[in-house]
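Working notes for the structure below.
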Amino acid sequence: MKTQTRRRATRRWNPLSSIRAKMFLILLAMAGTSAAIGFAVILAFERVSAEMHTLSEKKLPELELSGQMTAAASRTKDAMVAVMLADTPGALDFAESDVATAVAALDGAVSRLPETLRDEFKPDVIMVQEALDASIRARTIAFKNASEVIARTTQLQELSSALQATLAEMADEAYLNLTTGGEQTMSAVDATLVDLVEVKFATLQALLQARAEINLISGIALAIGETDDRAMQSILTDLAKASDGRLAEVINTLEVEAPGVVPIFAIRDAAATLQNAVSRGRLQSNAMRQDVLSARLSSDTELATAVDDMVFEVTLAAEDASTDSKNAIQGLLTNEVGFLNTLLEINTWISNFQVAALDVVTAQGVLQTRAAAEAMERAAAALADYKTFDNGRLAAQLENIISLAQPDQGLAIFRIASLTADADATKEANATANAVLQIASRASLLGSGSRGEIAYMASDIAAAVDAAHTNIERLLMVAGALLVAALLLTHWLVQRPLNAISRTTERLADGDLSPIKGFKRTSDEIHRIAQALTVFRDGLVEKETLSKAAEEERAAHQAEQTAAVTAIGNGLARLAQGDLSARINEELTEGYAQLQADFNLTVETLNSTVGDMVDVASSIRNGADEISQASDDLSRRTESQAATLEETAAALDELTASVKSAAEGARSVETTTQDAKTEAVKNSSVVSSAVSAMTEIEESSKHIAQIIGVIDDIAFQTNLLALNAGVEAARAGDAGRGFAVVASEVRGLSQRTSEAAMEIKTLISESSKKVDDGVELVGKAGAALGAIVEQVGQISQQVSGIADGAASQSTGLHEINIGMSQLDQVTQQNAAMVEESTAASHMLRGDAAKLAELVSNFTVATMGSAPPVETADAQDADMDDWEMSA
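What follows is the structure in structure tokens.
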């Protein structure tokens with residue numbers, strides 16, 4: 011301590027010897043540099059502030075006013091676009107409010123302009139307002155007329171649906187009348203008339219309806235691709251869905267009632283193509299429109315062919331009727347079928363009227379609308395001719411539909427008005443756009459002058475900022491130099507001594523207790539830390555010396571304790587392994603001597619007790635082995651006897667069952683032969699009936715041949731009538747051209763009828779020959795069947811004798827089987843008792859083996875090791891062997 015006091019006294023006073031003084035000097039220099047930089051920044055900000063005041067008070071308001079004018083013009087343009095894009099009256103009302111707001115904003119912006127500029131912008135604002143008002147009025151008129159178009163289209167749909175229902179009702183009535191007429195002549199007409207009424211006429215009606223529905227759907231598909239009106243698209247889609255449903259029902263009817271009349275797959279493909287075009291709507295491509303036309307043409311060709319074939323089949327069916335009912339059938343064809351044909355013509359003109367109406371609704375121009383309206387007027391004129399049909403039953407409904415085609419208040423006038431209003435609205439929108447663009451261009455010129463002055467002032471502000479930037483850069487370079495110098499001084503005067511004292515402290519922490527040197531000329535703080543570390547090092551040296559002495563004393567005491575614990579642990583380990591000869595013979599310290607004596611006395615007592623248990627376990631094991639061996643022998647003999655007896659009983663059971671089954675089979679064969687005999691007798695009468703039926707078929711074939719001859723004569727006469735009709739049509743010239751075509755078709759039908767009659771006559775002749783052969787073969791079959799009846803009777807008698815003998819044998823074997831079953835039951839009971847005694851003996855033997863195994867684990871000092879015994883695994887193996895033998 012005295013030495014340390016002398017050293018502290020010899021250090022000279024230096025105001026910069028402490029770290030605090032050095033850091034204060036560095037911070038003072040950096041603060042002066044920062045103050046200089048702040049002064050330069052303040053000067054630059056004052057100059058920029060003056061320029062910005064001029065901008066905000068004078069120049070920017072002018073630029074803001076120009077921006078307001080441009081924004082108001084843009085908002086007016088958006089309002090004009092909203093008016094043109096409005097698709098409902100509600101959307102148009104909303105757009106009108108936007109227009110009012112936008113025009114008010116534009117007028118307010120103009121009112122804030124200087125008076126010299128206000129008069130220049132005012133006429134343009136008035137023009138914009140007038141054009142927007144005119145556009146809104148035009149759009150309102152367009153919506154009104156569009157709603158009228160939709161209302162009349164809906165009315166047309168409802169009227170068409172009602173008329174279609176009436177036509178369907180009239181068709182049902184005609185069909186009912188046709189059915190009633192057929193029933194009145196049913197007694198005189200064969201199955202051909204039933205097929206004519208219930209199948210062929212219904213099929214003909216279905217074919218004609220399918221043709222009409224496909225024409226309607228194709229017209230809707232083409233019309234829906236030309237319109238942009240969503241409401242109209244919705245109406246057209248509903249019409250297409252309804253027609254598609256009716257077409258699907260007709261296709262299902264044709265598929266069930268007349269599957270071979272028309273290619274169903276072709277009709278379904280055409281319907282799918284048309285429905286796909288309808289679902290695509292406005293997105294139809296040219297290829298898809300061509301597919302629609304192709305599908306319509308192909309399906310119409312198939313249906314027209316099917317209609318011609320069906321008419322031909324109807325004619326043939328009428329000719330196949332008997333001569334007595336010819337006049338009645340001809341009346342049905344002339345009246346009821348003609349009535350159905352007229353209904354079909356009305357339905358076709360209604361479809362044409364609907365297609366023309368759809369063309370009017372979807373037309374994109376006035377000329378297209380007028381052309382479609384002419385088609386509507388032609389269809390209406392055609393429908394007007396049917397007002398007197400069926401005593402004017404359809405007059406009111408047809409009049410309502412025809413009214414939709416009137417030039418002054420029909421569907422076309424409202425569509426033309428809607429298109430004209432849309433065109434006017436587009437014209438006013440263009441005028442609005444031009445006026446808004448003119449306002450925006452003038453506002454842009456107004457703001458360009460203000461932007462030039464603002465740009466000039468911005469360049470002055472940028473020059474002032476650049477000058478301030480240059481001054482600040484110079485001051486920053488000075489500050490940087492001061493910072494580098496401060497870092498170097500800090501490293502040399504502060505950081506390096508701190509690193510040295512840190513390394514010395516770490517050396518002491520790692521256990522290096524060498525003397526601390528080299529800190530005499532450092533700063534005051536570092537010098538005081540070095541002195542404190544020296545005192546700490548001396549204390550550690552003294553503590554290490556005392557710790558070594560205490561460690562040596564603790565090691566000696568630990569060695570004595572370890573020797574005593576090791577000796578006792580070894581003795582306990584041998585005792586735990588069953589070695590009763592273990593003793594502790596080592597000399598232990600005074601504290602462990604009594605524990606050694608108690609351990610040795612305990613081992614002596616256990617040694618004597620375990621020796622006696624070994625002798626008793628050996629005696630029990632020998633007796634149990636003898637009992638177990640005897641029980642096993644008795645069990646095996648009893649089991650062998652029981653198994654033999656059980657096999658004998660089983661063999662008797664099988665023999666009894668076999669004999670019984672043979673007896674039952676003989677009885678079954680007897681019954682079967684009796685049934686076969688009875689059936690053969692019955693079949694002989696069936697053969698006789700078959701011969702009679704063949705004879706009747708032969709006679710019927712002759713009658714059919716006669717009828718075919720009559721049909722051939724009718725076809726020849728029809729051919730002559732058609733030839734005469736053709737000659738008369740040729741004399742009539744152009745007026746009889748259509749009748750000539752009909753006569754040619756009738757002549758062709760008569761020729762095909764004659765050919766078919768000849769083919770049928772040939773087939774009937776061949777059938778007659780085959781019937782004769784069948785009569786001869788059936789007679790031979792009857793003779794063979796009689797011989798079979800006699801042979802079956804003899805077999806039945808022999809089988810009856812076999813069945814009686816088998817029944818007697820079955821009764822005797824059954825009594826023997828009962829005795830064997832009783833003997834087997836007694837033997838099985840004896841075997842069960844032997845198994846129980848054997849199990850008890852084996853259990854005794856196992857317990858004795860376990861006892862011997864337990865005592866064999868001990869090593870006795872006076873007797874040596876206990877005698878060897880069977881292990882538990884060996885005993886379990888013996889038990890398994892016994893169980894397998896049992």
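For the sequence shown, counting from 1, position 71 maps to 81 in our numbering; every step adds exactly one.
C-beta atoms are modelled at their ideal positions from N, C-alpha and C, and glycine is treated no differently.
Just so you know, these numbers come straight off a predicted model, no measurement behind them.
query	result
Whole-Å CB distance - Glu-223 paired with Leu-169, under 8 Å assumed	Actually they do not touch by this definition, with Cβ atoms about 18 Å apart.
Leu-264 beta carbon less than 7 Å from that of Ala-216	yes
Val-159 vs Arg-425 beta-carbon contact at 7 Å	yes
Asp-400 in three-state terms, based on DSSP	coil
Segment contact flag, the stretch 578-594 with the stretch 606-620, C-beta cutoff 8 Å, min 3 pairs	yes
Outcome for Ala-660 when other beta-carbon atoms lying within 10 angstroms are tallied against a minimum of 16	exposed
Segment limits, alpha helix (DSSP H) that includes Asn-410	405-413
Candidates Asp-238, Gln-639, Leu-226: closest to Asp-432 by CA position	Asp-238
Anticipated Cβ contact below 8 Å, Ala-385 with Ala-373, distance rounded	Incorrect: roughly 11 Å between the Cβ atoms, too far for contact.
Pick from Glu-846, Leu-173, Val-272, Ala-381 that is closest to Thr-213, judged by C-alpha positions	Val-272
contact_flag[the stretch 376-385, the stretch 393-407] where n(CB pairs < 8 Å) is 3 or more	no
Neighbourhood of Leu-226 by C-beta distance below 6 Å, restricted to the same chain and skipping five residues each side	Ser-253, Ser-361
Ala-415 to Met-768 span [Cα, whole Å]	56 Å
Cβ neighbour criterion (16 or more within 10 Å) applied to Met-180	buried
Counted within 10 angstroms of its Cβ, other Cβ atoms place Leu-186 as buried (16 or more) or exposed	exposed
Contact test: Ala-112 Cβ vs the ligand ZN heavy atom, cutoff 6 Å	What this structure holds is no ligand at all, so the ligand ZN is not there to describe.
Integer-rounded CB distance, given that Ala-280 should sit under 8 Å from Ser-309	4 Å
Boundaries of the alpha helix (DSSP H) in which Gln-7 is found, first to last residue	Residue 7 lies beyond the range of the chain shown here (11 to 896); nothing can be said about it.
C-alpha distance - Gly-270 paired with Ala-161, whole-angstrom precision	44 Å
DSSP-derived helix/strand/coil call for Asp-418	coil
Distance between Leu-556 and Thr-544 (C-alpha atoms, nearest Å)	19 Å
Integer-rounded CB distance, given that Ala-220 should sit under 8 Å from Ile-261	7 Å
C-beta atoms of Val-371 and Met-242 nearer than 7 Å	yes
Euclidean distance between Cα positions of Arg-299 and Leu-393	29 Å
Exposure label - Ile-52; buried when at least 16 CB within 10 Å	exposed
Reference Asn-617; option with closest CA among Asn-632, Leu-585, Asp-635	Leu-585
Alpha-carbon to alpha-carbon, Ala-172 and Gln-364	14 Å
C-alpha distance - Val-302 paired with Ile-136, whole-angstrom precision	52 Å
Any C-beta of chain D under 7 Å from that of Ala-172	Absent here is chain D; the protein component of the structure consists of one chain.
Endpoints, the alpha helix (DSSP H) within which Ala-373 is located	Premise fails: Ala-373 is in no alpha helix (DSSP H) and is neither H nor E.
Sequence-distant residues of the same chain with beta carbon closer than 7 Å to Asn-410, five excluded per side	Leu-169
DSSP state of Asp-520 mapped onto helix, strand, coil	coil
Close-in-space but distant-in-sequence residues of the same chain around Ala-276 (CB under 6 Å, 5 per side omitted)	Glu-312
Met-853 versus Val-266, Val-613, Asp-635, residue with shortest Cα-Cα distance	Asp-635
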